[in-house]
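Numbering of the sequence shown is given in the UniProt record's numbering, commencing with residue 1 and proceeding in unit increments.
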Amino acid sequence: MGASDRNDTSSQTESSHTGNKYDNAINPEKALRLLGIRTDSPSSMAADTEADDMDAAHLDNRSAGKMLQVEKVLGTAVQVKRSSSVPMMNEKQTSKPVIDPVKQHRDELIMDTNKSSIVSKRSVEKLYYAGQPEYFRYFVNKFKRRSPLINRGYWLRMKAIEYGVARFLSERTAKKKIVINLGCGYDPLPWLFLGKQPQLCQNTVFVDVDYPELMQQKLAVIDKTEQLKELLPKFTRTGKESGLLASSDPYVAIGCDLINLSPLQEILQDHLQAGSGSVAILFTSEVSTAYMEREASQAVFQWAATFDDVRFCLLEQHLPDGPEHPFAATMLAHFDKLRTPLRAAGTMEEMKARFVAAGFPESGTDIRSLWELWSDPTFLSAEERRALDRVEPFDEWEEFALFGSHYFLLVAEKEPNKNYSQTSVHRASRASFFAGSSRASMVSSPSSDRPDVPQYHFTASDVVDAHEILEPHDYRRFTAMIPPAFAESSDGSVGLHGGMGTQERLSSCNTYSSFEAGHALEPIIGPPIRNGIMCHAVTKLGSTSNCVLTGGRTSPDKASAESWLRLDGKWRRVQDLPRGRFRHCAVPLVLPTNPRPAHTVLMFGGKTGDGQVLDEWLIWTGETGWQQVAIKGEEKPAARFGATMITDSREGTSGVLIGGMTSAGRVLNDFWHWNLERDMTLTCRNVTTRATAFLKADACILGRFGAQLVRSPQGILMIGGITGARMLTRQDEILNMKTLRPQPLEGPRPLFVGHSVQEVDDSILILGGGATCFSFGTSWSRSCLLNRTPPDSFQMIWQLQTTQEAGKPTAEQSKPFNETPQNPNHSTQSLALPIPTPILEQTLTSTTSFPTIISASRPLIFKSCDLGPCTSLWTTPYLKSAVGATRPVSIHSPTTPSTSTLSFASKNFTYTTQPFGDFLDAIDAGQHLYLRSLSSTSPSTLPTHLATDFPALAADFTLPPQLSLAMESAHSSPLRISGPVNIWLHFDIHANLLCQIRGTKRLLLFPPSGVSHLGFPPGASSSPIDVFAPDPSSTLAATTPYEAILHPGDVLFIPPLWPHTAQPLTDTSVAVNVFFRNFMEKGYAAGKDVYGNRDLAAYEKGRKDVAKIIKAFDGLPADVAGFYLERLGTELVEKGQDWMRSGADSGGGGAAVGGAGISGPLSDGGNGSSAGQNVGEGGENLHRTYAELG
1 MGASDRNDTS
11 SQTESSHTGN
21 KYDNAINPEK
31 ALRLLGIRTD
41 SPSSMAADTE
51 ADDMDAAHLD
61 NRSAGKMLQV
71 EKVLGTAVQV
81 KRSSSVPMMN
91 EKQTSKPVID
101 PVKQHRDELI
111 MDTNKSSIVS
121 KRSVEKLYYA
131 GQPEYFRYFV
141 NKFKRRSPLI
151 NRGYWLRMKA
161 IEYGVARFLS
171 ERTAKKKIVI
181 NLGCGYDPLP
191 WLFLGKQPQL
201 CQNTVFVDVD
211 YPELMQQKLA
221 VIDKTEQLKE
231 LLPKFTRTGK
241 ESGLLASSDP
251 YVAIGCDLIN
261 LSPLQEILQD
271 HLQAGSGSVA
281 ILFTSEVSTA
291 YMEREASQAV
301 FQWAATFDDV
311 RFCLLEQHLP
321 DGPEHPFAAT
331 MLAHFDKLRT
341 PLRAAGTMEE
351 MKARFVAAGF
361 PESGTDIRSL
371 WELWSDPTFL
381 SAEERRALDR
391 VEPFDEWEEF
401 ALFGSHYFLL
411 VAEKEPNKNY
421 SQTSVHRASR
431 ASFFAGSSRA
441 SMVSSPSSDR
451 PDVPQYHFTA
461 SDVVDAHEIL
471 EPHDYRRFTA
481 MIPPAFAESS
491 DGSVGLHGGM
501 GTQERLSSCN
511 TYSSFEAGHA
521 LEPIIGPPIR
531 NGIMCHAVTK
541 LGSTSNCVLT
551 GGRTSPDKAS
561 AESWLRLDGK
571 WRRVQDLPRG
581 RFRHCAVPLV
591 LPTNPRPAHT
601 VLMFGGKTGD
611 GQVLDEWLIW
621 TGETGWQQVA
631 IKGEEKPAAR
641 FGATMITDSR
651 EGTSGVLIGG
661 MTSAGRVLND
671 FWHWNLERDM
681 TLTCRNVTTR
691 ATAFLKADAC
701 ILGRFGAQLV
711 RSPQGILMIG
721 GITGARMLTR
731 QDEILNMKTL
741 RPQPLEGPRP
751 LFVGHSVQEV
761 DDSILILGGG
771 ATCFSFGTSW
781 SRSCLLNRTP
791 PDSFQMIWQL
801 QTTQEAGKPT
811 AEQSKPFNET
821 PQNPNHSTQS
831 LALPIPTPIL
841 EQTLTSTTSF
851 PTIISASRPL
861 IFKSCDLGPC
871 TSLWTTPYLK
881 SAVGATRPVS
891 IHSPTTPSTS
901 TLSFASKNFT
911 YTTQPFGDFL
921 DAIDAGQHLY
931 LRSLSSTSPS
941 TLPTHLATDF
951 PALAADFTLP
961 PQLSLAMESA
971 HSSPLRISGP
981 VNIWLHFDIH
991 ANLLCQIRGT
1001 KRLLLFPPSG
1011 VSHLGFPPGA
1021 SSSPIDVFAP
1031 DPSSTLAATT
1041 PYEAILHPGD
1051 VLFIPPLWPH
1061 TAQPLTDTSV
1071 AVNVFFRNFM
1081 EKGYAAGKDV
1091 YGNRDLAAYE
1101 KGRKDVAKII
1111 KAFDGLPADV
1121 AGFYLERLGT
1131 ELVEKGQDWM
1141 RSGADSGGGG
1151 AAVGGAGISG
1161 PLSDGGNGSS
1171 AGQNVGEGGE
1181 NLHRTYAELG
């Protein structure tokens, strides 16, 4: 019974309704009859044996005399008072309790649900409340991390109850407050407030109520746990088996069954004077009364309403679209399987009517689904929602919305001397419990008259029939449809690629066909992507059979940047996206170019692996690759992912964009029209107001996340997805965008989540789909056809034909493919360097996990860090004084004074020695000089350290404590001072924290996977390419640059082997590097390493082995030797690519820091491999070794 998802299921009612003295809109007795609940007084009912036995079992807890004895033992004797406002229950005397074994077993099953619930809440506490006092931990033997979906669902449940209790405790009143947790289980609600928000708990008593056996177990934990007992002054156990079990100043524990309210009522009255006018009461019940028969739970609500000053906070399941909805059916089946069925689950409207019937004023009763609360800014701020994504990667948004849509939070209040009769006036004047959540203020909310049941008037022509395709069925979701490779099959077959299967992410492709048996069918094959992928896009290029696959993800923090083109039936890798993304929109465009039309792909939005939500528009052609599209005018859609987009016509250059989700997890309810102009700019127009005005009260069904747009004979249809206000129903999941009217669905009920759609003949083919239904199981959709043909007139011919794996990519497929430009004078200079991706920025907090960031092996900027007084002290005069103006230092001085970029490869500089003061004066004057400090004692053999080589400056510089791991494993910490000169492109073997002290600096970084395009000679860690002024013939167009702009106090984490180059944006730049080791110690080459750029031992050994391999071919003809050496080199390249993909798929893995293994957090489908980063970097070294073999 309770917060642990339990309560009794008996049907015996032990309370009578005493009448409602308030003027409610619904007559209580009439409402009870309408709900099918008997209104007879319990005293007139035929009491069955079970009820009599339960009364007898609690007989010794009822007498006021025995209560006084208990209170004397506890030292808390008070005068017994009986309030006329609290009617006493009928008492039945019997000498000996008789145990009903059937009911006892049922109660045990209900109590068992406490175990899984409390483990899930402990998972939330440990992950999402880091740094705060922990109380769930004492009731859980062993921590078990739940999935991100279950964690987030329980977090929202916990937040809702906390919200309700905190609002009650924050009320200003002189009355004593009592918080009664009905069916509390092991939930530590009292400690969450006594220990974490004691300022709210003055003059407050928390009461835990549950089965006696369960409460005894809970008290045993409290008794042996000092951290719990210290918050309960004068904590004393009574030694009784039921009734009042324990008491302290702020806490009371009661063991009773809610089908018999007499013991509970007497304890509240006699021990806490709950019936007096000087007490305000809040009842809380989290999935507790849901297990009771409707009449029994109604008796609890009725009894609660008899108190003068009372609130009731109820969190339970409901059925917004009836028990047949796939989520609802899975949920109900789950509880039935546990033999703890939900006895009275209905709609939110019905539950509100039950509370009004119980005696709570209608205008004092508010109810919202948890999904609606999630989007309410007064309940959760945008930053609170974003903070959850920083705890663990998350992308189960549709499943989360389904969960939240099937749970509600109801808050009912009945306060004395408050006028509840004038509903409209009252609502306008009082502060609603859900302040700011009024449906009138939410565009995306349904009618307030019927909050969870939409009202439509349909004709026969509106109805859409669903017809399941023939067996067999293959279950997968978040897939992408691939057209057949040859145009002659385009009307009768389609491929379904990738997605999440029943066990794992898939890389295979299903072929579905309407051809008769025996028809020669060419299987549709996807691109040879190494790993299973989901949430990607496949865009057909006009009327051709060619198509482009883009993006997608493995886990939510591992987005793919790959793009694959199928041209004339063959898949070829094309230029990668500027940054990996998933849940993006991509549509085909046909540009009116000469001498032939150009088939292109227009892309918008999406989400990156590091959590950034994008607002960029990109366009792709075979000649130019991906280019950013500029927006003309001030109107433009905000950043989003999971939106849906389609062109106005099949080969047009304009279209619509609808919905999507913000970075704060809120569904956007907007509607945009866009047009690609002749000058390749984009104009956007917001047409939301017109559309929502037409939809009126149903405006919430417009903006969706995860929906699909498809052409049909009736016009463009939007199918499925989720809204930000409520769950879509069978009546409105399909919206006709031409008429802006819903089209109801008849026949088998698909779950329109993660589905793919395509027009075929006069029907819509729905392939895949389904959802994980919280902790209840998974509901998979059977693929189907939608049309307007009645089932008895339709013959299904579509079915699954084959499932085909693509295999591993060949070297030819992996090599980026570009079409020859139509215009021979076409300039590629604009493609010399793609648009850099800004590096993610983060503010250091107490919860920042630097080992996890190291494990991810992605650059990151820590903004505005406290680096000590250096950021203000290190001016030129101070540096001269502290270091000494005459101290000689070694300087990089360009051979030509006007040189703006130093190159280690061409050695366009010399090493000169100057007095430190003269050097500072020279760079202040704008000279192109650069200082990288060396060891003051042995510059040719030892690395430099700020503390030993510049002791006068060392005390001014400190790393934030969250980054202390770098100092513990530090290789060196050089001081860098430069004038307006660029530093050459290079990579470091060690991880690096670049701490900007003075001035502003720009850096460009490149992932190790692109090293082959950056011109590094074999065995070298410096490249001759100047990325700030690239040669048009360079291979930089195939790279993926990242950009960092550093200001004083910023710290840039540069993972090992990420090539980078720096460009000061001010005349003088001062910085400190901290290089640190994050591989296993044995991975580094033995011997001296002054600059931290000596290659790993395996690579140095590999280069020697290459020399031996080449020597082994001496004496053979040159063409023979070249033939075999090239084959060996190809093997190394393929192995290097395999390793680099493996490293990318594991998120960089958890490299070892100072010999200690650090692994990344668990996420969808797996955790960071401890070898992942080393594998990826090993792949780069194999690429470099191949360059020597070649």
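Even glycine gets a Cβ: it sits at the ideal position worked out from N, Cα and C.
For residue i, the nearest candidate out of the options (CA to CA)
| i | options | result |
| --- | --- | --- |
| residue 749 | 279, 401, 783 and 630 | 783 |
| residue 179 | 1075, 593, 206 and 474 | 206 |
| residue 177 | 223, 224 and 283 | 283 |
| residue 318 | 707, 504 and 727 | 727 |
| residue 642 | 161, 998 and 661 | 661 |
| residue 654 | 998, 601, 1110 and 537 | 601 |
| residue 1053 | 860, 1116 and 880 | 860 |
| residue 1194 | 575, 356 and 289 | Residue 1194 falls outside the range modelled here, since the chain spans only 1 to 1190, and no answer is possible. |
| residue 798 | 766, 669 and 780 | 766 |
| residue 628 | 833, 569, 772 and 461 | 833 |
| residue 943 | 130, 883, 770 and 1074 | 1074 |
| residue 1047 | 198, 164 and 841 | 841 |
| residue 631 | 649, 675 and 656 | 675 |
Exposure label - residue i; buried when at least 16 CB within 10 Å
| i | result |
| --- | --- |
| residue 511 | buried |
| residue 255 | buried |
| residue 898 | exposed |
| residue 345 | buried |
| residue 271 | buried |
| residue 733 | buried |
| residue 1101 | exposed |
Rounded separation between residue i and residue j - CA only
| i | j | result |
| --- | --- | --- |
| residue 200 | residue 280 | 14 Å |
| residue 588 | residue 928 | 49 Å |
| residue 111 | residue 418 | 39 Å |
| residue 1043 | residue 392 | 25 Å |
| residue 658 | residue 549 | 22 Å |
| residue 768 | residue 785 | 12 Å |
| residue 850 | residue 959 | 13 Å |
| residue 496 | residue 481 | 5 Å |
| residue 857 | residue 715 | 48 Å |
| residue 427 | residue 370 | Reliability of the predicted coordinates at residue 427 is poor, the pLDDT of 41 falling under 50, and no value is obtained from them. |
| residue 688 | residue 673 | 10 Å |
| residue 43 | residue 408 | Its pLDDT being 33, under 50, residue 43 is placed unreliably in this model, and the coordinates cannot settle the point. |
| residue 528 | residue 499 | 15 Å |
| residue 402 | residue 237 | 43 Å |
| residue 760 | residue 558 | 34 Å |
| residue 406 | residue 354 | 18 Å |
For residue i, the residue or residues it bridges with in DSSP
| i | result |
| --- | --- |
| residue 768 | Answer is none; residue 768 lacks a bridge partner. |
| residue 1064 | 1001 |
| residue 1193 | Here the chain comprises residues numbered 1 to 1190, so residue 1193 is not present and cannot be evaluated. |
| residue 894 | 909 |
| residue 368 | 409 |
| residue 977 | 931 and 1070 |
| residue 177 | 204 and 280 |
| residue 862 | 842 and 1051 |
Return the chain-ordered ranges of every beta strand (DSSP E) run that is complete within the region 898 to 947 and spans a minimum of 3 residues. 909 to 915 and 930 to 932
Tell me the start and end of each unbroken beta strand (DSSP E) in the region 515 to 581 that is at least 3 residues and wholly inside, in chain order. 537 to 540, 547 to 550, 563 to 567 and 570 to 574
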